[in-house]
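**Q** Residue numbers (my numbering): 3 to 479.
Supplied in structure tokens, the structure appears directly below.
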Amino acid sequence: MRGWKPGILGKNPETVPNAWFRQAFRLLGRMRAVTVIGAGLAGPEAAWQVAAAGVAVRLYEMRPRRRTPAHQSDQFAELVCSNSLGSSLADRASGVLQAELEQLGSKLLELARACAVPAGQALAVDRTAFAAAVTQAVAGHPLIEVRREEVTTLPSEGVCVLASGPLTSEALAGAVARLAGTSNLSFFDAIAPVVSADSLDFTELYAASRYGHGEADYWNVPLDPERYRWLVAELLAAEKRAPAAFESADPRAARFFERCLPVEVLAARGAEALRFGPLRPVGLRDPRTGRRPYAVLQLRPENRARTLYNLVGFQTNLRHGEQERILRALPGFAAAEFVRLGSMHRNTFLRAPALLNATLEWRGRPGLFVAGQLTGMEGYLGNIGSGLLAGRNALRRALGAEPETLPRTTLLGALAAHVAEAPAATFQPMKAEFGLLPPLPDHAARARRNAVRAAHSASSLAEHLRLHPLPGAYAAV
Ligand SMILES: Cc1cc2nc3c(=O)[nH]c(=O)nc-3n(C[C@H](O)[C@H](O)[C@H](O)COP(=O)(O)OP(=O)(O)OC[C@H]3O[C@@H](n4cnc5c(N)ncnc54)[C@H](O)[C@@H]3O)c2cc1C
Numbered sequence: 003m004r005g006w007k008p009g010i011l012g013k014n015p016e017t018v019p020n021a022w023f024r025q026a027f028r029l030l031g032r033m034r035a036v037t038v039i040g041a042g043l044a045g046p047e048a049a050w051q052v053a054a055a056g057v058a059v060r061l062y063e064m065r066p067r068r069r070t071p072a073h074q075s076d077q078f079a080e081l082v083c084s085n086s087l088g089s090s091l092a093d094r095a096s097g098v099l100q101a102e103l104e105q106l107g108s109k110l111l112e113l114a115r116a117c118a119v120p121a122g123q124a125l126a127v128d129r130t131a132f133a134a135a136v137t138q139a140v141a142g143h144p145l146i147e148v149r150r151e152e153v154t155t156l157p158s159e160g161v162c163v164l165a166s167g168p169l170t171s172e173a174l175a176g177a178v179a180r181l182a183g184t185s186n187l188s189f190f191d192a193i194a195p196v197v198s199a200d201s202l203d204f205t206e207l208y209a210a211s212r213y214g215h216g217e218a219d220y221w222n223v224p225l226d227p228e229r230y231r232w233l234v235a236e237l238l239a240a241e242k243r244a245p246a247a248f249e250s251a252d253p254r255a256a257r258f259f260e261r262c263l264p265v266e267v268l269a270a271r272g273a274e275a276l277r278f279g280p281l282r283p284v285g286l287r288d289p290r291t292g293r294r295p296y297a298v299l300q301l302r303p304e305n306r307a308r309t310l311y312n313l314v315g316f317q318t319n320l321r322h323g324e325q326e327r328i329l330r331a332l333p334g335f336a337a338a339e340f341v342r343l344g345s346m347h348r349n350t351f352l353r354a355p356a357l358l359n360a361t362l363e364w365r366g367r368p369g370l371f372v373a374g375q376l377t378g379m380e381g382y383l384g385n386i387g388s389g390l391l392a393g394r395n396a397l398r399r400a401l402g403a404e405p406e407t408l409p410r411t412t413l414l415g416a417l418a419a420h421v422a423e424a425p426a427a428t429f430q431p432m433k434a435e436f437g438l439l440p441p442l443p444d445h446a447a448r449a450r451r452n453a454v455r456a457a458h459s460a461s462s463l464a465e466h467l468r469l470h471p472l473p474g475a476y477a478a479v
């Protein structure tokens, strides 16, 4: 793809003092316009990154012409549920992610901080003020042209960031499914809890794969009859999350939930249902006793580094506090740290590991980037971050440069690597958590491990930005 020659046009048009030349630079920028689809959280950040570096953007947003079942306004960056972007503490995952976004020059983080409301150590925003500030800044940028239209097809060439979110319109979802393959696009998620390996007591578990087939990749949690019956009773009694009205009304919901039953629904179908379903012990003899336990909860590696384990088939809609309480009573789980708790939502997302690179570029379609919840990333901050990374890489492509991969010692880099490289067959959305980072070699630092990870993130990102500046002298960072 031919791009600008930053050596000749290495200027941010907005810094050119002469009005005539400024206009000429803007026109040249428009010749290389990047398309961004969706003005939720990821799209505006992507658009800003591109435009701030002097390349024009065409940003499409379908609201208010076509509404989603969750958004209430026609503003960009509408937070559809909680108004919190998570803890700002330096040793929390969301605090580290905020620091990374700041280092990378995130516009939405800057505006979120300007619209913050008192929330202790968390960054919570006045959602109306935040959405208005993002809309004003992005729509007011001279290099961003906003089109209030529903996009129904994907551009076959050029540079594009697809950020149409968990409620992507049906027509566009159809176009995405045609490119991805229908089996690679989901409309609901079925999330089972994920636990960090270093919080488990493996002496209470045993390694085995069913019938001894292949490597003993799974860790197994043995349940005796008493513990199994207790678990069933607790699942039945625990408080559940009610689906939103628009989720229950979706005709695909019933089919999905029947195919992918939450454990509490299965437990209600009979005392033995879980033991003949996801907790079946057949072929899982415990080498320590030589016997097959009454029931078994299997743990499967969630990432290549095996720092995280997924509770196989344990998708659930129980309230998060209830999940933690019940699971911590299982063998080996007393100190379990969950990097993700179970949930089942309406959520359009790609089977990203089969489709995307860690640069968030579609494999085999240079110039098409995906950002936001569609990638399988979760969380407001992660979605802003994905927009930032996709925006930086769209800019690189527009300027004829290769996309960048962020260091895996950063949470954003680790999350992008996760969505590109997690096991594809069982892929489910994930948010930025410390468990995604490479294991720390120094176990003596256990008590301070999050502070160490935060320091690694900051130093590796600073080094990355030094070694990989954005092309063009006008780049924002
Ligand atoms: C009901 C609900 C509650 C949620 N609660 C939380 C929460 O509390 N915390 C949290 O972290 N996350 C929550 N999420 C996830 C949340 O949506 C994301 O974290 C975040 O908004 C995703 O950002 P995004 O940019 O990918 O998508 P969005 O913010 O949804 O933005 C996508 C944009 O694309 C537009 N669009 C869609 N299709 C088209 C089209 N064809 N043409 C043009 N424009 C289009 C949409 O109108 C929308 O403005 C929730 C999601 C839902 C659905």
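Where is the CB? At the ideal position from N, CA and C, for every residue including glycine.
1) Excluding the 5 residues flanking LEU463 on each side, which residues of the same chain have their C-beta closer than 7 Å to its C-beta?
2) Considering TRP221, what are the terminal residues of the beta strand (DSSP E) in which it resides?
3) Out of GLY40, ALA427, TRP22, point me to the one whose CA is closest to PRO168's CA.
4) So the beta strand (DSSP E) PHE371 belongs to, where does it begin and stop?
5) Could you tell me which residues DSSP pairs with VAL38 in its beta bridges?
6) If you follow the beta strand (DSSP E) that GLU147 is part of, which residue opens it and which one closes it?
7) Please tell me whether, using a cut-off of 7 Å, the distance from the CB of TYR220 to the nearest non-hydrogen atom of ligand 1 is below it.
8) Hey, ALA255 and PHE190: beta-carbon distance below 8 Å or not?
9) Just to confirm the assignment, what range does the beta strand (DSSP E) spanning ASN20 have?
10) Who are the Cβ neighbours of PRO195 in its own chain at under 7 Å, not counting the five residues just before and after it?
11) Using a Cβ-based criterion (distance less than 7 Å to any ligand heavy atom), does GLY40 qualify as near ligand 1?
12) Output needed for ALA182: all residues of its chain with C-beta closer than 7 Å, excluding positions within five of it in sequence on either side, in chain order.
13) So the alpha helix (DSSP H) THR155 belongs to, where does it begin and stop?
14) Would you kindly check if the distance between the Cβ of ARG455 and the Cβ of PHE429 is under 8 Å?
15) Any idea which residues DSSP pairs TYR311 with across the strands?
16) Kindly examine ligand 1 and report whether one of its heavy atoms sits closer than 7 Å to the Cβ of TYR382.
17) Helix, strand or coil for THR411? Go by DSSP, reduced to three states.
18) On the premise that TYR208 lies in contact with ARG293, defined as a C-beta separation below 8 Å, what is that separation, rounded to the nearest angstrom?
19) Taking 8 Å as the cut-off, decide whether the C-beta atoms of ALA234 and ALA273 are in contact.
20) Indicate the three-state DSSP secondary structure (helix, strand or coil) for TYR230 in the structure shown.
21) I want to see whether chain B comes within less than 8 Å of GLY272, judged by CB atoms only; does it?
22) Any heavy atom of ligand 1 closer than 7 Å to the beta-carbon of GLY214?
23) Which residue marks the beginning of the alpha helix (DSSP H) containing PHE248, and which one marks its end?
24) Going by other Cβ atoms of all chains shown within 10 Å of its Cβ, with 16 needed for buried, is TYR382 buried or exposed?
25) Quick check: the region 364-378 against the region 211-220, are there 3 or more CB pairs under 8 Å?
26) Using the C-alpha atoms, what's the distance from GLU112 back to PRO257?
27) Do you know whose CA, among ALA134, ARG321, VAL36, lies nearest VAL163's CA?
28) Please look up how many angstroms separate the CB atoms of LEU467 and LEU438, rounded, as I've assumed it's under 8 Å.
29) Hey, would you say the C-beta of CYS83 is under 7 Å away from at least one heavy atom of ligand 1?
30) Please name the residue or residues paired with TRP364 in a DSSP beta bridge.
31) Compare the beta carbon distance of GLY387 and LEU362 with 8 Å and say whether it is the shorter of the two.
32) In this structure, what does DSSP give as the bridge partners for SER188?
33) In this structure, how does DSSP classify GLY88 when only helix, strand and coil are distinguished?
34) Kindly indicate which residue of PRO425, PRO443, LEU391 has the alpha-carbon position closest to the one of LEU43.
35) Sorted by chain position, which residues of the same chain lie with C-beta nearer than 6 Å to ALA426's C-beta, five sequence neighbours on each side aside?
**A** Reading from the atomic positions:
1) GLU102, GLN105, PRO409, THR412
2) 221-225
3) GLY40
4) 370-372
5) LEU61, VAL163
6) 146-149
7) no
8) yes
9) Element bounds for ASN20: n/a, residue is neither H nor E.
10) LEU313, PHE316, GLN325, LEU329, PHE340, ARG342, LEU343, GLY344
11) yes
12) LEU352, LEU357
13) No alpha helix (DSSP H) holds THR155; DSSP gives it neither H nor E.
14) no
15) VAL197, PRO303
16) yes
17) coil
18) Wrong, their Cβ atoms sit about 11 Å apart, outside the cutoff.
19) It should be noted that the sequence gives Val, not Ala, for residue 234. Against a cut-off of 8 Å, the Cβ pair of ALA273 and VAL234 comes out as a contact.
20) helix
21) Structure shown: chain B not included; a single protein chain is present.
22) no
23) 247-251
24) buried
25) no
26) Checking the sequence, you will find Arg at residue 257 rather than Pro. Cα to Cα, ARG257 sits roughly 42 Å from GLU112.
27) VAL36
28) The pair is not a contact, with the Cβ atoms about 21 Å apart (cut-off 8 Å).
29) yes
30) LEU358
31) no
32) PHE351
33) strand
34) LEU391
35) ARG353, PRO355, ALA356
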